[in-house]
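Input: a single structure, listed below in structure tokens.
Number of protein chains: 2
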Amino acid sequence: MAAKPNLAVAAPAERPASLVDGLVGYRLRRAHSRMMADLLPVLTPLALRPVLVAMLSVIRANPGIIQMGLGTELGIQRANLVPLINELTGRKLIERRADPRDRRALTLHLTREGEALLDEAAALIGDHEERMLAKLSTAERNKLLELLGKVAVD
Amino acid sequence: MAAKPNLAVAAPAERPASLVDGLVGYRLRRAHSRMMADLLPVLTPLALRPVLVAMLSVIRANPGIIQMGLGTELGIQRANLVPLINELTGRKLIERRADPRDRRALTLHLTREGEALLDEAAALIGDHEERMLAKLSTAERNKLLELLGKVAVD
DNA sequence: ACCATAATGTTGTGAGACATAACAATCAAG
DNA sequence: CTTGATTGTTATGTCTCACAACATTATGGT
């Protein structure tokens with residue numbers, strides 16, 4: 001029942017909009033892809049990746065959070081979290097400490113170096129966001145944050 | 001100079017907002033992740049993935065597009081495009097034809113089966129988007145599309 | 001016409017993200 | 001105390017993606 005006109009003879013001169021172009025999911029994919037492409041080289045000088053920054057950020061906001069909680073917060077499965085945490089502990093950016101309440105769990109804390117490096121990363125990421133959102137006014141950026149929040153939340 | 005208030009003394013009773021939570025890039029990542037998690041099982045019955053749908057969609061909107069053009073349009077490198085196109089041609093969803101103007105290039109066209117399958121996918125994806133954007137009004141959805149477009153565009 | 005450079009499709013390869021299963025240690029509930 | 005669930009861990013496999021190299025063909029300069 002498609003009301004689709006026959007355009008087999010139409011000259012594809014300009015750039016006909018594809019079906020996926022009107023989808024939020026598709027533009028989300030493109031916007032995300034473009035931002036990651038810009039962010040990766042930004043963090044390279046600090047030897048960090050976006051995931052590691054997110055981990056540091058959540059640990060700073062929730063000192064003493066256990067690994068399972070960190071994984072849930074970031075949408076990372078605990079199995080895949082282990083090598084990431086090993087990477088951060090190996091660089092003395094965070095510490096694993098025994099949880100006094102639960103002997104299975106390990107709590108996570110930022111070290112001084114972790115704090116400092118996260119501050120550096122935050123500054124670089126601030127510039128990065130400013131660059132990516134240059135076309136958007138402050139009101140538009142807030143609106144985008146709000147709308148993305150509604151989509152991201154469960 | 002960042003106008004960042006000192007919140008070190010705030011009581012972390014509820015759920016303290018982490019630094020990354022105010023970043024567009026981070027919410028973009030979360031929103032994208034959630035939508036993909038919902039979309040993948042939607043396309044499973046058709047044995048399709050989001051990339052394949054995007055390819056079919058762009059080919060339908062630009063019949064005769066060459067592989068290089070498709071890769072540029074979707075942000076996929078031509079090397080990685082080859083097995084994807086092989087997958088679609090193997091399933092008789094698209095066809096590779098010689099380009100009369102450039103003997104290096106191969107033009108791409110949808111088959112009837114490709115058209116039909118894309119229509120099915122479009123219907124399923126329509127439901128999927130409706131589900132993901134349930135919290136947003138029509139005006140908000142259009143605004144989100146517009147803002148994402150500004151971020152995604154180069 | 002000739003030559004150097006670029007573009008297109010292709011293959012191969014490796015790194016990284018991610019899901020799953022299985023296990024030991026510990027907790028929680030009956 | 002015993003059964004089941006939870007936490008951290010290891011191992012494994014899959015999927016996506018980037019990069020390098022190559023043959024074929026176009027393009028542009030001389």
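Residue numbers (our numbering), protein chains in the order written: chain A, 1 to 154; chain B, 1 to 154.
Backbone N, C-alpha and C define an ideal beta-carbon position, used for all residues, glycine too.
8 Å Cβ cutoff, residue i in contact with chain B
i, result
"residue 66(A)", "no"
"residue 45(A)", "no"
"residue 49(A)", "no"
"residue 32(A)", "yes"
"residue 139(A)", "no"
"residue 101(A)", "no"
Separation of residue j from residue i, as counted between CA atoms
i, j, result
"residue 104(A)", "residue 69(A)", "13 Å"
"residue 81(B)", "residue 66(B)", "11 Å"
"residue 141(B)", "residue 147(A)", "8 Å"
"residue 33(B)", "residue 109(B)", "31 Å"
"residue 101(A)", "residue 59(B)", "58 Å"
"residue 215(B)", "residue 40(B)", "A query on residue 215(B) cannot be resolved here, the shown segment of chain B reaching from 1 to 154 and no further."
"residue 134(A)", "residue 20(B)", "19 Å"
"residue 114(A)", "residue 152(A)", "28 Å"
"residue 49(A)", "residue 28(B)", "16 Å"
"residue 16(A)", "residue 24(A)", "18 Å"
"residue 138(A)", "residue 54(A)", "23 Å"
Which of helix, strand or coil DSSP assigns to residue i
i, result
"residue 96(B)", "strand"
"residue 136(A)", "coil"
"residue 76(A)", "coil"
"residue 207(B)", "Missing from the structure shown is residue 207(B); chain B here goes from 1 to 154 and no further."
"residue 110(B)", "strand"
"residue 66(A)", "strand"
"residue 147(A)", "helix"
"residue 21(A)", "helix"
"residue 153(A)", "coil"
"residue 141(A)", "helix"
"residue 91(B)", "coil"
"residue 45(A)", "helix"
"residue 105(B)", "coil"
"residue 83(B)", "helix"
Min CB distance residue i to chain A below 8 Å
i, result
"residue 3(B)", "In this predicted model, residue 3(B) has a pLDDT of only 41, less than 50, meaning its place in the structure is not dependable; the value taken from the coordinates is given anyway. Residue 3(B) does not count as touching chain A."
"residue 13(B)", "With a pLDDT of only 41 at residue 13(B), under the threshold of 50, the placement of this residue in the model should not be trusted; the figure read from the coordinates follows. With 8 Å as the cut-off, residue 13(B) does not count as an interface residue toward chain A."
"residue 113(B)", "no"
"residue 57(B)", "yes"
"residue 129(B)", "yes"
"residue 98(B)", "no"
"residue 69(B)", "no"
"residue 123(B)", "no"
"residue 110(B)", "no"
"residue 90(B)", "no"
"residue 93(B)", "no"
Same chain only: Cβ atoms within 8 Å of residue i, ignoring 5 sequence neighbours per side
i, result
"residue 136(A)", "144"
"residue 132(A)", "34, 35, 38"
"residue 127(B)", "42"
Chain-order list of residues whose beta-carbon lies under 7 Å from that of residue i (same chain, five-residue window excluded)
i, result
"residue 99(B)", "66, 105, 106, 107"
Cut-off 6 Å between Cβ atoms - residues of its own chain near residue i, not counting five sequence neighbours on either side
i, result
"residue 116(B)", "none"
"residue 92(B)", "111, 113"
Endpoints, the alpha helix (DSSP H) within which residue i is located
i, result
"residue 50(B)", "50 to 61"
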